[in-house]
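Under full-length UniProt numbering, the very last position in the sequence shown is 253; numbers go up by exactly one each time. All C-beta atoms in this analysis are idealised placements derived from N, C-alpha and C, irrespective of residue type, glycine included. No experiment lies behind these values; they were computed from the predicted model shown. Data block below; observations after.
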Amino acid sequence: MNLQQKTLSYGITLALAFGGLFTATSDIRAEEPMVLEEITVTAEKRAEKLQDVPVSVTAFSSKAIVEASIENTRDFIELTPNVTLYDAYTIGTTYVTVRGMTQINNADSPVSIVVDGVPQNSQKQFKQELFDIERIEVLRGPQGSGYGRDAIGGAINIVTKGPTNELEGYVKTGVFNENGRTVSGAVSGPLVKDTLLYRLSGVYKKTDGLIENTFLDTNVDFYESTDLRAQLKWLATDDVSLDLRYETSELDG
Numbered sequence: 001m002n003l004q005q006k007t008l009s010y011g012i013t014l015a016l017a018f019g020g021l022f023t024a025t026s027d028i029r030a031e032e033p034m035v036l037e038e039i040t041v042t043a044e045k046r047a048e049k050l051q052d053v054p055v056s057v058t059a060f061s062s063k064a065i066v067e068a069s070i071e072n073t074r075d076f077i078e079l080t081p082n083v084t085l086y087d088a089y090t091i092g093t094t095y096v097t098v099r100g101m102t103q104i105n106n107a108d109s110p111v112s113i114v115v116d117g118v119p120q121n122s123q124k125q126f127k128q129e130l131f132d133i134e135r136i137e138v139l140r141g142p143q144g145s146g147y148g149r150d151a152i153g154g155a156i157n158i159v160t161k162g163p164t165n166e167l168e169g170y171v172k173t174g175v176f177n178e179n180g181r182t183v184s185g186a187v188s189g190p191l192v193k194d195t196l197l198y199r200l201s202g203v204y205k206k207t208d209g210l211i212e213n214t215f216l217d218t219n220v221d222f223y224e225s226t227d228l229r230a231q232l233k234w235l236a237t238d239d240v241s242l243d244l245r246y247e248t249s250e251l252d253g
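Rendered as structure tokens:
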């Protein structure tokens, strides 16, 4: 009789112990739910959730751009499946291949690049620095209906950060190979609250290079670039706004 009582007592105690363990584990899991970031894209000229867009799109949010240290076109193309960026034999010419569709020398690119709704026809666009970016979208496959005849292979849609109704800004500095250094920053806010907004942003990058020209007594692979952007937004009414922007890029190297 005593043996049965002890066995029953041990069994109840053990069950309660494991029950408490399971309950604690369930509480921990309940407190830490996994939530995926929701990305809104404008690949089809209207705001949509990424999972609802009926085309093949790889999108990078502003958070993903910072975390992946995306600073130029090559950085995000290397993270995009079925898309390749390579330098041509002609100096200053860069090609993009999407799903095997490439470009021949001196011909139009099969990939359309659009920045804030404005098509970029220059090959130098692939070489420019990316700074103060809100979102990047890479569309694979023909996109002629939305991006014109140059988008038979795909399209790259880049959206920069716009003026804000609250004062904000940032400054970032960094170093990289070949004694390189970079400074970037932005400031944004209202000139007239709820009516006239502005944003100024830019990036400066310089590297001294490593290959020395003994005859000229200088390095031949030095690089220095300055990119600046100014934006002004007038909120005329709740439904009408006017956007003005100026952008300049200078490259030496």
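- Counting the other CB atoms within 10 Å of its CB gives V98 a total of 16 or more, which places it among the buried residues.
- Taking the Cα positions, Q103 is about 27 Å away from Y223.
- Separation of L191 and I133 (C-alpha to C-alpha, rounded to the nearest whole angstrom) is 22 Å.
- Taking R135 as reference, the option from K233, F76, N219 and L197 with the minimal CA-CA separation is F76.
- Counting along the chain, A68 sits inside no beta strand (DSSP E), nor does DSSP assign it H or E at all.
- Secondary structure at D132: coil, using DSSP grouped into helix, strand and coil.
- Under DSSP, G141 takes part in no beta bridge, so it has no partner.
- Counting only runs that start and end inside the region 147 to 187, there is no alpha helix (DSSP H) element of at least 4 residues.
- Ranking Y170, V57, L196 and S241 by CA distance to the CA of S184 puts Y170 first.
- P163 and S241 have their C-alpha atoms roughly 12 Å apart.
- With a cut-off of 8 Å on Cβ pairs, the region 230 to 238 is in contact with the region 196 to 203, counting three or more such pairs.
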